[in-house]
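Enquirer: Taking UniProt numbering, the leading residue of the sequence shown gets 1, the next gets one more, and so forth. Quick one: this structure, given as C-alpha cells, is what I'll be asking you about.
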Amino acid sequence: MTTEEYVYVLLAMRSQAFGQAGTGQATLKSGLTPFWEDTVNNNADGLDAVAKSAATRMVVVDVNTDIANQSYLSQFQDNIMKRVREPPLSCSTKECLTNDNETMGSFSRQLHDTFYAFCIGLSRVPNGYHDAINLTAAITSNFSGLTGEVMVTANNTRVADFMLYYLDDSFQQQVYMQLTYIDGNMNVKSFSSSPENTIWATRGGARPLSTPRCGFSGQSCPKGFWELYTVYVAVGVAIVALLIITIIAFTVHIIRRIWKEWVVVQMVRQSGIINVTGLGVLFAF
C-alpha cells in the first residue's frame, strides 16, 4: 500500500515533520535526522530503503520545524544526555546515569523552549519568580527556539503555527502550506501555485485519486473484460457454434438429397421410365 495511489497524512505535535530525535547519517533542512533511518539498531533489518520509499507517499502536518540556529541544535543533541545529570535537572536515576549511548527524547526540544521562555520571564522580573501574575505577563514574547519560531501570547499559550510538509525529489522536506491559528481564526498561506511540481512531484505530477483504484482495502480492483463477460462470451460462442453446426448439417442434408435425386435421374435415363408413382419407379426391360 505504498503505491502512488495512496496518500498518508500524518498529524504531529513534535515539531519534527519528517525528522526524528535520534542522530543518523543524513540531515534534513530542519537539522534533524530523517525518520526512515534506524538510529537505534543501525538498519539491522535492512528496511531503511523501504521506509524511505514509503515516505514519498506521506505528507505531514506538524508544528513549524524551521530552526534558525542549527549549530546550536547540533550542540544541544550532542550534550543533552550528560546535561540532564547536571543542574537544574540533576537527574541521578540509573537511566540518567547510563544514558551516554541513548538519543534525546522526542519532546526534549519542547522542554528546552519551555525553560527558555521561563528564563525570559525571570530576566524581566528577576524577583518575580514567586509572583505568578507578573511572571506570566513577562513570559509573553517571541523568540527563535529549537522548535521553530515561538510566539507566546498573554495567556501563556503558544500561537499554533502548523506547516504542511512534503518530500521533494531529493528527499528533502519542503513546506507546501502554512496554517496559523490566532485568536480563534485560521490563517492559511500557500507556498506553491503548481502542486504538480511540488507536493505531487514524486508522483510524476499526477494528483492522487480520491479513492484508490482497488479501493482502500486493495480488494476492489476493476475487473477486466474476461472477468466481466466470460459467461456472455461463452454463451455467444456456443450459440454461434450451434448455428454453424446447424447450417452445415442442413447443407449436407440438401446436398445428399440433391445427389440422390440426381442419381435417380441418371438411372431413369439409362433404363427408361415405365411409370413413376409416389411409391417408387417401375422400370421395363
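Where a beta carbon is used, it is the ideal one built from N, C-alpha and C, also for glycine. From a predicted model like this one, the values you see are computed outputs, not experimental measurements.
(1) Is it right to say PRO88 is buried, meaning 16 or more other beta carbons lie within 10 angstroms of its own, or is it exposed?
(2) Given LEU279, which residues of its chain have a CB within under 6 Å of its CB, disregarding the five upstream and five downstream residues?
(3) Taking 6 Å as the limit between beta carbons, can you name the residues of its chain near THR277, skipping five residues before and five after?
(4) According to DSSP, ARG158 sits in a beta bridge with which residue or residues?
(5) At what residues does the beta strand (DSSP E) containing TYR232 begin and finish?
(6) Just list the residues that DSSP pairs VAL61 with in beta bridges.
(7) Just checking SER53 against the ligand ATP - is the residue's beta carbon closer than 7 Å to any of the ligand's heavy atoms?
(8) Does DSSP put ASN134 in a helix, a strand or coil?
(9) For the beta strand (DSSP E) that TYR6 lies in, which residues bound it at each end?
(10) If SER15 and GLY148 are in contact, beta carbons under 8 Å, what's the gap, nearest whole angstrom?
(11) Tell me which residues share the same chain as PRO195 and place their Cβ nearer than 8 Å to its Cβ, disregarding the 5 neighbours each side in the sequence.
(12) Quick check on the DSSP output: the beta strand (DSSP E) that includes GLY121 runs from which residue to which?
(13) Please look up how many angstroms separate the CB atoms of GLY19 and THR33, rounded, as I've assumed it's under 8 Å.
Expert: Let's see:
(1) For the purposes of this step, residue 88 is taken as the residue at position 88 of the sequence shown. Classification of PRO88: exposed, given that the 10 Å Cβ count is below 16.
(2) Locating residue 279 in the sequence shown gives position 279, where the first residue counts as 1. Reliability of the predicted coordinates at LEU279 is poor, the pLDDT of 43 falling under 50, and no value is obtained from them.
(3) Within the sequence shown, residue 277 is the residue found at index 277, counting from 1. Low local confidence applies: a pLDDT of 48 at THR277 is under 50, so the model's placement there is unreliable, and no value is given.
(4) Translated into positions along the sequence shown, residue 158 becomes position 158. Partner(s): VAL152.
(5) By one-based count along the sequence shown, residue 232 stands at place 232. It is not in any beta strand (DSSP E) - TYR232 instead sits in the alpha helix (DSSP H) that spans 225-271.
(6) Residue numbering aside, residue 61 sits at position 61 when the sequence shown is read from its first letter. Paired residue(s): LEU11 and LEU164.
(7) By its list of ligands, the structure shown contains no ligand whatsoever, and the ligand ATP lies outside what it can speak to.
(8) Here residue 134 is taken as the residue at index 134 of the sequence shown, counted from 1. It is helical.
(9) Locating residue 6 in the sequence shown gives position 6, counting from the first residue. Premise fails: TYR6 is in no beta strand (DSSP E) and is neither H nor E.
(10) Here residue 15 corresponds to residue number 15 of the sequence shown, with the count starting at 1. Here residue 148 corresponds to residue number 148 of the sequence shown, with the count starting at 1. Contact flag correct, Cβ pair sits at about 6 Å.
(11) On the sequence shown, residue 195 is found 195 positions in, with the first residue counted as 1. Closer than 8 Å at Cβ, skipping near neighbours: TYR176 and ARG207.
(12) By 1-based counting over the sequence shown, the position of residue 121 is 121. Element bounds for GLY121: not the beta strand (DSSP E) but the alpha helix (DSSP H), 108-124.
(13) Translated into the one-based positions of the sequence shown, residue 19 becomes position 19. Translated into the one-based positions of the sequence shown, residue 33 becomes position 33. Yes, GLY19 and THR33 are in contact; Cβ-Cβ is about 6 Å, under 8 Å.
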